[in-house]
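Peer 1: Read in numbering that gives the first Met the number 0, the sequence shown has 250 at position 251, and its numbers run on one by one without any break.
Glycine included, each C-beta is placed from N, C-alpha and C at the ideal position.
Quantities reported herein were computed from a predicted structural model and do not represent experimental measurements.
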Amino acid sequence: MGELHEPDAPSKLRRSASWLITVLSCAGVWVALIAPDRLGQLTPAAFARVPLEGLVFVVLVLVLPPRAGRVTAMLGGVVLGLLTIVRMLDLGFYAAFDRPFHELYDATYLGSGFGVLSDSIGRTGAIMAALAAGLVCLGLLTLLPLALLRLTRLVAGHRTSSIRVVAALAVISTLSAVTGARVVPDTAVASTSTADLVIAHAGQIRDDLGEQQAFENAVADDRFRDTPGRDLLTGLRGKDVLLVFVESYGRVAVEGSAESAPVASALEAGTRRLRAAGFSARSAFLTSPTFGGLSWLAHSTLQSGVWVDNQQRYDDLVAGDRFTLSGAFARAGWRTVDVVPSNTEDWPPGRTFYHYNRVYDSRNLGYEGPSFSYARMPDQYTLAALRRLELGSPQRAPVMAEIDLVSSHTPWAPLPRLVDWDAVGDGSVFDAMPAQGQSPDVVWRDAGQVQAAYGQSIVYSLDALTSFVQTSADKNLVLVVLGDHQPATIVAGEGASHDVPISIIAADPAVMDRISGWGWQDGLRPAPDAPVWPMDGFRDRFLTAYGGSPVSPTAAR
Numbered sequence: 000m001g002e003l004h005e006p007d008a009p010s011k012l013r014r015s016a017s018w019l020i021t022v023l024s025c026a027g028v029w030v031a032l033i034a035p036d037r038l039g040q041l042t043p044a045a046f047a048r049v050p051l052e053g054l055v056f057v058v059l060v061l062v063l064p065p066r067a068g069r070v071t072a073m074l075g076g077v078v079l080g081l082l083t084i085v086r087m088l089d090l091g092f093y094a095a096f097d098r099p100f101h102e103l104y105d106a107t108y109l110g111s112g113f114g115v116l117s118d119s120i121g122r123t124g125a126i127m128a129a130l131a132a133g134l135v136c137l138g139l140l141t142l143l144p145l146a147l148l149r150l151t152r153l154v155a156g157h158r159t160s161s162i163r164v165v166a167a168l169a170v171i172s173t174l175s176a177v178t179g180a181r182v183v184p185d186t187a188v189a190s191t192s193t194a195d196l197v198i199a200h201a202g203q204i205r206d207d208l209g210e211q212q213a214f215e216n217a218v219a220d221d222r223f224r225d226t227p228g229r230d231l232l233t234g235l236r237g238k239d240v241l242l243v244f245v246e247s248y249g250r251v252a253v254e255g256s257a258e259s260a261p262v263a264s265a266l267e268a269g270t271r272r273l274r275a276a277g278f279s280a281r282s283a284f285l286t287s288p289t290f291g292g293l294s295w296l297a298h299s300t301l302q303s304g305v306w307v308d309n310q311q312r313y314d315d316l317v318a319g320d321r322f323t324l325s326g327a328f329a330r331a332g333w334r335t336v337d338v339v340p341s342n343t344e345d346w347p348p349g350r351t352f353y354h355y356n357r358v359y360d361s362r363n364l365g366y367e368g369p370s371f372s373y374a375r376m377p378d379q380y381t382l383a384a385l386r387r388l389e390l391g392s393p394q395r396a397p398v399m400a401e402i403d404l405v406s407s408h409t410p411w412a413p414l415p416r417l418v419d420w421d422a423v424g425d426g427s428v429f430d431a432m433p434a435q436g437q438s439p440d441v442v443w444r445d446a447g448q449v450q451a452a453y454g455q456s457i458v459y460s461l462d463a464l465t466s467f468v469q470t471s472a473d474k475n476l477v478l479v480v481l482g483d484h485q486p487a488t489i490v491a492g493e494g495a496s497h498d499v500p501i502s503i504i505a506a507d508p509a510v511m512d513r514i515s516g517w518g519w520q521d522g523l524r525p526a527p528d529a530p531v532w533p534m535d536g537f538r539d540r541f542l543t544a545y546g547g548s549p550v551s552p553t554a555a556r
């Protein structure tokens with residue numbers, strides 16, 4: 000009788016490795032089927048569920064011929080890989096913009112997103128992040144089909160056990176649904192998250208297609224397009240009007256959070272300084288079309304009076320001739336300028352759509368100082384350059400300027416400090432400040448530090464702005480100051496509103512009297528019960544308050 004031999008070490012190793020790969024394949028498919036699409040839901044409880052789509056797949060493998068089962072596994076793996084990439088994009092978009100990924104137009108943000116990432120962490124870091132993301136996508140599209148193929152072989156080789164496992168999980172899921180029993184509180188045992196993902200995105204694509212037509216109709220319906228210059232902005236004649244967007248200045252900055260306390264103090268102190276300088280302010284809220292970023296969507300919405308909440312709408316809008324606030328000022332005789340301090344190249348819509356006489360960016364503002372992460376120059380320098388280049392000469396036409404203050408742009412570190420206005424010069428006075436502040440990689444290790452840095456950045460921007468007005472000798476200065484969007488979810492929280500504060504500041508009582516019927520509140524800080532308007536409604540209200548009702552095309556001729 001032959002002797003029984005123990006398997007040799009290489010055979011044991013191969014068998015162990017095979018089982019390990021099988022376990023990892025099953026776990027990978029399980030996670031891909033039930034992973035949540037929001038950071039706040041990434042808890043152990045989220046994975047303590049039974050993916051019903053997985054049970055359906057096992058049943059298919061059991062009933063299909065072997066070859067058809069393998070083909071189904073490979074195709075299903077590719078589809079599951081694509082859906083996992085979509086789920087990861089949803090995760091990122093919810094974290095950054097508090098909304099899911101939109102297939103029809105969000106791919107166009109790749110270029111601008113890479114640019115913002117390069118400004119925040121450096122070009123090398125951005126390239127490494129992009130390469131890592133590409134490898135993850137490639138890995139998902141390769142490994143998930145192989146994992147499903149391995150699962151298919153496992154099921155085919157253990158048909159009886161597979162049927163028992165599927166039946167047991169189906170019974171547990173059904174009983175849980177009927178009785179309401181939970182292994183983990185508030186978490187259903189049965190999961191259809193992958194099917195839900197497909198249904199949600201299919202409905203989203205359908206809705207996006209329908210809303211695009213409604214948007215095109217809204218763009219074409221322009222009440223002020225034919226109003227002659229003599230009838231526009233009569234209540235602001237002789238005034239320098241500054242439209243100031245404060246980056247990431249959202250409702251969260253003025254109420255309901257720890258980071259709002261220093262901002263509230265800055266707003267109250269700023270209100271007092273403005274009053275001492277002879278200026279008053281009234282404030283409310285606008286609802287922005289964007290959240291966490293994509294500032295140009297808010298800028299175009301406010302200026303055009305139509306809701307621009309995605310890149311496709313923005314591209315369509317700026318390719319047309321919709322009437323803008325800056326266009327109204329230009330038609331009425333103002334010199335119009337745009338100040339975008341972090342732009343590094345030409346921006347054609349500034350002239351072709353917004354009709355600015357001059358666009359200032361990082362190349363022509365004369366700055367010789369250091370960058371502060373995304374911000375290529377401090378807000379104080381931006382305002383000082385505007386005063387020097389456009390507001391300093393008494394022999395000039397009134398100026399209308401849109402100004403982007405970007406010191407409060409993510410990553411909110413390091414931050415500059417205010418200096419004496421006479422010391423601003425070419426910006427070299429700020430040379431030592433970046434090294435003296437916290438670096439983004441340190442701040443972003445802890446959510447509390449991120450929130451504190453955000454609050455400090457808003458305080459800096461507001462202090463720079465109110466100090467600029469306080470030190471101005473121009474009592475004909477009028478400012479419209481607002482946020483472009485709320486900060487990212489790490490600061491604003493999940494499910495936060497899209498509201499941003501807005502204030503009108505002026506020294507001339509007649510300017511403030513024009514908006515007395517708006518119900519806005521005194522001072523720079525709107526209370527929680529202040530009026531809330533959609534941002535696309537501001538253009539028409541503003542033009543009506545300071546010029547009157549729109550003129551019909553017939554009357555204009």
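Taking contact to mean at least 3 C-beta pairs separated by less than 8 Å, is the region 520-527 in contact with the region 269-282?
Peer 2: Judged by Cβ distances under 8 Å, the region 520-527 makes contact with the region 269-282, as three or more pairs qualify.
Peer 1: Which term fits residue 309, buried or exposed, when burial requires 16 or more other beta carbons within 10 angstroms of its beta carbon?
Peer 2: So residue 309 counts as buried.
Peer 1: Using a Cβ-Cβ cut-off of 6 Å (strictly less than) and excluding sequence neighbours within five positions of residue 411, which residues of its own chain qualify?
Peer 2: Excluding sequence neighbours, residue 411 sits near 452, 453, 456.
Peer 1: Do you know offhand how far residue 190's Cα is from residue 212's?
Peer 2: Their backbone Cα atoms lie some 36 Å apart in a straight line.
Peer 1: Is the beta carbon of residue 477 sitting closer than 8 Å to the one on residue 505?
Peer 2: Closer than 8 Å, so yes.
Peer 1: Can the beta-carbon of residue 330 be found closer than 8 Å to that of residue 303?
Peer 2: No, the Cβ-Cβ distance between residue 330 and residue 303 is not below 8 Å.
Peer 1: Can you tell me whether residue 20 is buried or exposed, with buried defined as 16 or more other CB within 10 angstroms of its CB?
Peer 2: With fewer than 16 Cβ atoms within 10 Å of its Cβ, residue 20 is classed as exposed.
Peer 1: Using CA coordinates, which residue listed in 35, 96, 429, 45 is at the minimum distance from residue 488?
Peer 2: The shortest Cα separation from residue 488 among 35, 96, 429, 45 belongs to 96.
Peer 1: Could you compute how far the alpha carbon of residue 197 sits from the alpha carbon of residue 459?
Peer 2: Rounded to the nearest angstrom, the two C-alpha atoms are 44 Å apart.
Peer 1: Along the chain, which unbroken stretches of the alpha helix (DSSP H) at least 4 residues long are found entirely within the region 264-310?
Peer 2: Taking only runs of at least 4 residues, the alpha helix (DSSP H) segments lying wholly in the region 264-310 are 294-303.
Peer 1: Would a C-beta distance cut-off of 8 Å place residue 535 and residue 305 closer than the cut-off?
Peer 2: Cβ distance < 8 Å, so residue 535 and residue 305 count as in contact.
Peer 1: How about residue 312 and residue 214: are their beta carbons less than 8 Å apart?
Peer 2: Yes, they are a contact pair.
Peer 1: Could you pull the start and end residues of the beta strand (DSSP E) that residue 500 belongs to?
Peer 2: Counting along the chain, the beta strand (DSSP E) containing residue 500 begins and ends at 498-505.
Peer 1: Less than 8 Å between the CB atoms is what I'm expecting for residue 427 and residue 414, so what's the real figure, rounded?
Peer 2: Not really, about 18 Å apart at Cβ, beyond 8 Å.
Peer 1: So, residue 341 versus residue 325, is the Cβ gap smaller than 8 Å?
Peer 2: Going by C-beta atoms, residue 341 is not nearer than 8 Å to residue 325.
Peer 1: Taking C-beta to C-beta, are residue 104 and residue 36 nearer than 8 Å?
Peer 2: No, the Cβ-Cβ distance between residue 104 and residue 36 is not below 8 Å.
Peer 1: Identify, in the order they occur along the chain, each residue of the same chain with its Cβ nearer than 6 Å to the Cβ of residue 293, setting aside the five sequence neighbours on each side.
Peer 2: Excluding sequence neighbours, residue 293 sits near nothing in its chain.
Peer 1: Which whole-angstrom value is the C-beta distance of residue 484 and residue 297, which I expect to be below 8 Å?
Peer 2: Correct: roughly 6 Å between the Cβ atoms.
Peer 1: Pick helix, strand or coil for residue 242, following the three-state DSSP scheme.
Peer 2: Strand.
Peer 1: Return the first residue and the last residue of the alpha helix (DSSP H) that residue 71 is part of.
Peer 2: Looking at the DSSP string, the run of the alpha helix (DSSP H) that includes residue 71 is 65-96.
Peer 1: Is it the case that the region 428-438 contacts the region 361-373, given that we only count it when at least three CB pairs across the two stretches are under 8 Å?
Peer 2: Contact holds: three or more Cβ-Cβ distances are below 8 Å.
Peer 1: To which residues does DSSP link residue 225 through a beta bridge?
Peer 2: Paired residue(s): none; residue 225 is not in a bridge.
Peer 1: By DSSP, does residue 17 sit in helix, in strand, or in coil?
Peer 2: Note: residue 17 maps to helix in three-state DSSP.
Peer 1: Can you say whether residue 221 is buried or exposed, counting buried as having 16 or more other CB atoms within 10 angstroms of its CB?
Peer 2: With 16 or more Cβ atoms within 10 Å of its Cβ, residue 221 is classed as buried.
Peer 1: For residue 156, does the count of other Cβ atoms within 10 angstroms reach 16, so buried, or fall short, so exposed?
Peer 2: Burial call: exposed.
Peer 1: Using 8 Å as the threshold, is the C-beta distance between residue 82 and residue 151 below it?
Peer 2: Not closer than 8 Å, so no.
Peer 1: Would you grab the beta carbon distance between residue 31 and residue 88 for me? Rounded to a whole angstrom, and I think it's under 8 Å.
Peer 2: So it is not a contact: roughly 14 Å between Cβ atoms.
Peer 1: Straight-line CA distance for residue 603 to residue 424?
Peer 2: Residue 603 is absent from the structure shown; the chain starts at 0 and stops at 556.
Peer 1: Beta-carbon separation of residue 366 and residue 380 under 8 Å?
Peer 2: Result yes, Cβ atoms of residue 366 and residue 380 sit closer than 8 Å.
Peer 1: Applying the criterion that 16 or more other CB atoms from any shown protein chain within 10 Å of the CB defines a buried residue, is residue 463 buried or exposed?
Peer 2: Classification for residue 463: buried.
Peer 1: Give me the DSSP bridge partner(s) of residue 360.
Peer 2: Looking at the DSSP assignment, residue 360 forms a beta bridge with 339.
Peer 1: Helix, strand or coil for residue 202 per DSSP?
Peer 2: In this structure, residue 202 counts as helix in the three-state DSSP scheme.
Peer 1: Quick one: what's got a C-beta closer than 6 Å to residue 570's C-beta in the same chain, skipping five residues either side?
Peer 2: No answer is possible for residue 570: the residues shown for the chain start at 0 and end at 556.
Peer 1: Kindly indicate the opening and closing residues of the beta strand (DSSP E) around residue 462.
Peer 2: It is not in any beta strand (DSSP E) - residue 462 instead sits in the alpha helix (DSSP H) that spans 446-469.
Peer 1: How many Å lie between residue 539 and residue 206 at the Cα?
Peer 2: Going from the Cα of residue 539 to the Cα of residue 206 covers about 27 Å.
Peer 1: Please state if the CB of residue 399 and the CB of residue 290 are separated by a distance shorter than 8 Å.
Peer 2: Taking 8 Å as the Cβ cut-off, residue 290 and residue 399 do not qualify as a contacting pair.
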